[in-house]
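One structure below.
Protein chains in written order, with our numbering: chain A, 301 to 612; chain B, -9 to 242.
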C-alpha cells in the first residue's frame, strides 16, 4: 500500500540520519586528529608518563602534562564550588521569590553574563579584579600570615594579583549563568501540585523550597552544575589572561599556574620543535578525555537522580 | 449541632471574574459536608478558600469572611501557615513527594512543626497509615520510595500525610476522581470512619459518592450556592428545581 508522502518521509529521515551521523563523524575525526598530532609526544614519553610528568621544559625538550591537568582540575572545581551557592540562590530568587516581571529582568541579567566574550572577562579581570584582589585580599592575608603564621606563606604565594585565585574568581563568575539557568528551569518545572501539597501541610515558602522544590529539581540543578563545570574546564581566554601561566605544578593559592587550555593558547604560536607542538596537541587530547570523563560520570549520576512520575 | 467552620457572604474573584459569589455556608463539626455541582461551578474554588490556598495566587481576591471556631481566618494578624496546619487538604491527584520514602511522606507535616523524636514519628506514621487503611499494605516497606506505589495507594498516602498532623478540618478536592472503583471504595470507607476525628469537606463530581458518604450537601451552580441541607433531603426532596435537575442528571 502506498501512503501519501511516504517517499518524502523516507527522504527526510535519511536526511536527519545523515546529519546525526555527521556529528558523530566530526567528533570522532576531532579525537583522531588530536591523537595523530599528539602521537609524537605520547611515543617519546609514553602515554601515562606524559600525563603524569611534571616537567615542562621547551629548552630541554622534556614535556609532561600533569601541572596543567592539576591546574585545570583545581581551578574548575574551585570555580564550581564558589559559584554553586550564588547561582542556586539566583535561580531560587528568580523562580520563587520575585514577581514574574522582576524575575524575568533578573534572569535576563544573569543570562547576559554568558553572552559577554571571555576576553572581556579577562580584561576586566586584569584591570579591575586583579588590583582589587591584590590590594584588599592577598596583601592583607599575606601580611597577616607573615606576622602570625609564617608557615602559611609558602602555601599562599606572592601577593601579585594574577594567579590561580584571580582566575578562579573570574571563572566562577563566568559559569554562574550556566548552572543558574538550568537550575531555574528545573525549579520552574516542579509541578504546582507538589508545592501546594507541602503548603497544605502548613509549610512556609522556604520550607516548600527546601523540602519539595529543591529535591524535585535536583536532576536539573545537577545538570546545570555539570554544564558549568564543562564550561570551566574548557574556558581558555580569560584564564590565560589571569592565571599567570607558570608551567610548574601549582603550589600556592595566589601563585601563578596554568590550565590545559591556557597552556595551549599561550604556547601554540611559539612552539618551535615538532615535539613541543606535539606535546601541546597531546595536552588537547587529554583535555578531550577529561571532558568526556566528566560528561560520562555526570550522565551516570543524572540517571540515578532523575525524579519523575512512575519511577520505581 | 456544633459549627466548626462557616463562610459569610464569601466571594472569590480571579481578576475581575467572580468564581464564587456570596456563599454563606455552615460546616458542622464531625460531619462530612459534600460540595456538588457541574464543572466550573466554583466548588473547588470555594474549598480552597477554606485553608487560604488562594493566597498562593496573587490574582485571586477574596471578599466576605471565613470563620474557624468563630474567628476569621482572613483577619490581618492570622498566619496562613497556622491555618493550613489546622485545616488540611487532599488534592484531586495523588501528590506523594517523589524524593521521599513512604515514611518520610507521611511524617512530612510533623517534621515541619519540628517533631524529631523517632518514636513519636513512628507512632504517628503508623496511626495515620492505619487510619488511611494503608498500614497493612506498606508496613514492610516504609523506607521505600512513595513513587513506587499504585495510584490508589498514593492517594491514601496523601490522606495519611494530611491526617498525621491531626488537623481539625480536612478538605478533600475530588479525592477519588483519578482512582479505580476499589480504591474509591477504600477511601469512602475511610471517610466515614474519619468523622470520629475530623470534620470533612469534600468536593465531588460523583453524586452517588456524595449521597453515600456525606451528612450535608451543598449544591453549587455558576459560582452560587443554590441549596444546602441534610444530604438525604437534597437527594430526595430538593427545594430548588435546579438542584433537582442536577441530581436527576438533566444537566452537568
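Think of the CB as a built atom: it goes at the ideal place given N, C-alpha and C, for glycine as much as any other residue.
Handout entry: For residue 192(B), three-class secondary structure by DSSP
Key = Stepping through the second chain from its first residue, residue 192(B) is reached at position 202. When secondary structure is reduced to three states using DSSP, residue 192(B) falls in the strand class.
Exercise for the section: Within its chain, find whatever has a CB closer than 7 angstroms to the CB of residue 571(A); leave out the 5 residues flanking it on each side and keep chain order. Expected result: As a working mapping, residue 571(A) is identified with position 271 in the first chain. Once the five neighbours on either side are set aside, the close Cβ partners of residue 571(A) are 577, 580.
Exercise for the section: Flag this pair as yes or no: are the beta carbons of residue 141(B) and residue 170(B) separated by less than 9 angstroms? Expected result: Translated into positions along the second chain, residue 141(B) becomes position 151. Translated into positions along the second chain, residue 170(B) becomes position 180. Yes; because the gap between Cβ atoms is below 9 angstroms, this pair is in contact.
Exercise for the section: Could you list which residues in chain A have their beta carbon closer than 8 angstroms to that of residue 46(B), in chain order? Expected result: Within the second chain, numbered from 1, the residue matching residue 46(B) stands at position 56. Taking a Cβ-Cβ cut-off of 8 angstroms, the neighbours of residue 46(B) in chain A comprise 495, 496, 499, given in sequence order.
Practice task
Classify residue 44(B) as buried or exposed, calling it buried when 16 or more other Cβ atoms lie within 10 Å of its own Cβ.
Solution key: Mapped onto the second chain, residue 44(B) falls at position 54. Residue 44(B) is buried by the Cβ-count criterion.
Practice task
Could you check the C-alpha separation between residue 223(B) and residue 229(B) for me, to the nearest Å?
Solution key: For the purposes of this step, residue 223(B) is identified with residue 233 of the second chain, where counting begins at 1. For the purposes of this step, residue 229(B) is identified with residue 239 of the second chain, where counting begins at 1. Taking C-alpha positions only, residue 223(B) is separated from residue 229(B) by approximately 9 angstroms.
Problem - Boundaries (first-last residue) of the beta strand (DSSP E) holding residue 649(A) - result: There is no way to answer for residue 649(A), as the model of chain A reaches only from 301 to 612.
Exercise for the section: Return the CA-CA distance between residue 359(A) and residue 346(A), expressed in angstroms with no decimal places. Expected result: Along the first chain, read from residue 1 onward, the residue named residue 359(A) stands at position 59. Along the first chain, read from residue 1 onward, the residue named residue 346(A) stands at position 46. The straight-line gap from Cα to Cα measures roughly 20 angstroms.
Exercise for the section: Compute the Euclidean distance between the alpha carbons of residue 526(A) and residue 83(B), then round it to the nearest angstrom. Expected result: Looking up residue 526(A) in the first chain gives position 226. Looking up residue 83(B) in the second chain gives position 93. Roughly 34 angstroms between the two C-alpha positions.
Exercise for the section: Would you list the residues sitting across from residue 51(B) in a DSSP beta bridge? Expected result: Taking the second chain and counting its residues from 1, one reaches residue 51(B) at position 61. Residue pairing by DSSP places residue 51(B) opposite 3(B) in a beta bridge.
Handout entry: Every unbroken beta strand (DSSP E) inside the stretch 27 to 88 of chain B [3 residues or more]
Key = Whole beta strand (DSSP E) segments, 3+ residues: 50 to 58, 77 to 80.
Handout entry: residue 49(B), buried or exposed, once every other Cβ within 10 Å from all chains shown has been counted against 16
Key = By one-based count along the second chain, residue 49(B) stands at place 59. By the neighbour-count rule (16 or more Cβ atoms within 10 Å), residue 49(B) is not buried but exposed.
Handout entry: Chain-ordered residues of the stretch 503 to 525 of chain A with a beta carbon less than 8 angstroms from chain B
Key = Cβ contacts with chain B: 503, 504, 507, 511, 512, 515, 516, 518.
Problem - CB contact check: residue 610(A) to chain B, cutoff 9 angstroms - result: Locating residue 610(A) in the first chain gives position 310, counting from the first residue. Because residue 610(A) carries a pLDDT of 37, less than 50, the predicted location of this residue cannot be relied on, and the following value inherits that uncertainty. Answer yes: the Cβ-Cβ gap between residue 610(A) and chain B drops below 9 angstroms somewhere.
Exercise for the section: Pull up the distance between the alpha-carbon of residue 387(A) and that of residue 402(A), whole angstroms please. Expected result: Working through the first chain from its first residue, we reach residue 387(A) at position 87. Working through the first chain from its first residue, we reach residue 402(A) at position 102. Answer to the nearest angstrom: the Cα atoms are 17 angstroms apart.
Problem - Close-in-space but distant-in-sequence residues of the same chain around residue 609(A) (CB under 7 angstroms, 5 per side omitted) - result: Along the first chain, one-based indexing puts residue 609(A) at 309. Reliability fails at residue 609(A), whose pLDDT of 43 lies under 50, so the model's placement of it is uncertain and no value is given.
Exercise for the section: Show which residues of chain A have a CB atom less than 8 angstroms away from the CB atom of residue 148(B). Expected result: Taking the second chain and counting its residues from 1, the one referred to as residue 148(B) is at position 158. Taking a Cβ-Cβ cut-off of 8 angstroms, the neighbours of residue 148(B) in chain A comprise 497, given in sequence order.
Problem - residue 206(B), enclosing beta strand (DSSP E) - first and last residue - result: For this step, residue 206(B) is matched to residue 216 along the second chain. 206 to 211 is the span of the beta strand (DSSP E), which, as asked, contains residue 206(B).
Practice task
State the CB to CB distance for the pair residue 15(B) and residue 208(B), rounded to an integer number of angstroms; the pair is presumed to be in contact (CB under 8 angstroms).
Solution key: To locate residue 15(B), count along the second chain from 1; it is residue 25. To locate residue 208(B), count along the second chain from 1; it is residue 218. Yes, they are in contact, since the Cβ atoms of residue 15(B) and residue 208(B) sit about 6 angstroms apart, within 8 angstroms.
Problem - Rounded separation between residue 187(B) and residue 158(B) - CA only - result: Reading the second chain from its first residue, position 197 is the one you call residue 187(B). Reading the second chain from its first residue, position 168 is the one you call residue 158(B). Residue 158(B) has its alpha-carbon roughly 8 angstroms from the corresponding atom of residue 187(B).
Problem - Residue closest to residue 516(A), alpha-carbon to alpha-carbon, out of 485(A), 529(A), 542(A) - result: Within the first chain, the letter at position 216 stands for residue 516(A). Minimum Cα distance to residue 516(A) is reached at 485(A).
Practice task
Work out the CA separation of residue 509(A) and residue 144(B) for me, nearest whole Å.
Solution key: Residue mapping note: residue 144(B) aligns to position 154 of the second chain, counting from 1. Residue mapping note: residue 509(A) aligns to position 209 of the first chain, counting from 1. Taking the straight line joining both Cα atoms gives about 22 angstroms.
Problem - Which listed residue (124(B), 73(B), 108(B), 219(B)) has its alpha carbon closest to that of residue 25(B) - result: Reading the second chain from its first residue, position 35 is the one you call residue 25(B). Ranking 124(B), 73(B), 108(B), 219(B) by Cα distance to residue 25(B) puts 219(B) first.
Practice task
Taking residue 78(B) as the query, report the chain A residues whose CB atoms sit under 8 angstroms from its CB, ordered along the chain.
Solution key: Position 88 of the second chain, counting from 1, holds the residue named residue 78(B). Near residue 78(B) (Cβ distances below 8 angstroms), the residues of chain A are 500, 501.
Practice task
Alpha carbon to alpha carbon, how far is residue 86(B) from residue 611(A)? Give it in angstroms, no decimals.
Solution key: Position 311 of the first chain, counted from the start, is the residue given in the question as residue 611(A). Position 96 of the second chain, counted from the start, is the residue given in the question as residue 86(B). Only weak support is given to the placement of residue 611(A): the predicted model assigns it a pLDDT of 41, under 50, and the value that follows is read from those uncertain coordinates. Whole-angstrom Cα-Cα distance: 12 angstroms.
Handout entry: Cβ of residue 399(A) within 9 angstroms of any chain B Cβ
Key = The residue given as residue 399(A) occupies position 99 in the first chain. Chain B contact via Cβ: present.
Practice task
For residue 179(B), name the three-state secondary structure that DSSP assigns.
Solution key: As a first step, residue 179(B) must be located in the second chain, where it is residue number 189. When secondary structure is reduced to three states using DSSP, residue 179(B) falls in the helix class.
Practice task
Look at residue 513(A) and residue 396(A) and say whether their C-beta atoms are less than 9 angstroms apart.
Solution key: Reading the first chain from its first residue, position 213 is the one you call residue 513(A). Reading the first chain from its first residue, position 96 is the one you call residue 396(A). With respect to the 9 angstroms criterion, residue 513(A) and residue 396(A) are classified as neighbours on the basis of their beta carbons.
Practice task
Using three-state DSSP, classify residue 421(A) as helix, strand or coil.
Solution key: Walking along the first chain from the start, residue 421(A) turns up at place 121. Note: residue 421(A) maps to helix in three-state DSSP.
Problem - Those residues which DSSP pairs with residue 362(A) across a bridge - result: For the purposes of this step, residue 362(A) is identified with residue 62 of the first chain, where counting begins at 1. Per DSSP, the beta-bridge partners of residue 362(A) are 357(A).
Problem - residue 210(B): contacting residues in chain A (beta-carbon distance under 7 angstroms) - result: Indexing the second chain from 1 puts residue 210(B) at position 220. Here the premise fails: no neighbours, minimum Cβ distance about 21 angstroms.
Exercise for the section: Go ahead and label residue 203(B) buried or exposed: buried means 16 or more other beta carbons lie within 10 angstroms of its beta carbon, across all protein chains shown. Expected result: Counting from one through the second chain, the residue named residue 203(B) turns up at place 213. Residue 203(B) is buried by the Cβ-count criterion.
Practice task
Mind reading off the beta-carbon distance from residue 121(B) to residue 91(B)? Whole number of angstroms is fine, and I expect it under 8 angstroms.
Solution key: Position 131 of the second chain holds residue 121(B). Position 101 of the second chain holds residue 91(B). Contact flag wrong, Cβ pair sits at about 19 angstroms.
Handout entry: Where residue 14(B) falls: helix, strand or coil (DSSP)
Key = Taking the second chain and counting its residues from 1, the one referred to as residue 14(B) is at position 24. Of the three classes helix, strand and coil, the one that applies to residue 14(B) here is strand, per DSSP.
Exercise for the section: Determine whether the Cβ of residue 41(B) lies closer than 9 angstroms to any Cβ atom of chain A. Expected result: Against the second chain, residue 41(B) aligns to sequence position 51. The C-beta of residue 41(B) comes closer than 9 angstroms to at least one C-beta of chain A.
Practice task
Specify whether the stretch 463 to 475 of chain A and the stretch 433 to 445 of chain A touch according to this definition: at least 3 beta carbon pairs, one from each stretch, less than 8 angstroms apart.
Solution key: Contact between the stretch 463 to 475 of chain A and the stretch 433 to 445 of chain A is present, because at least three Cβ pairs lie under 8 angstroms.
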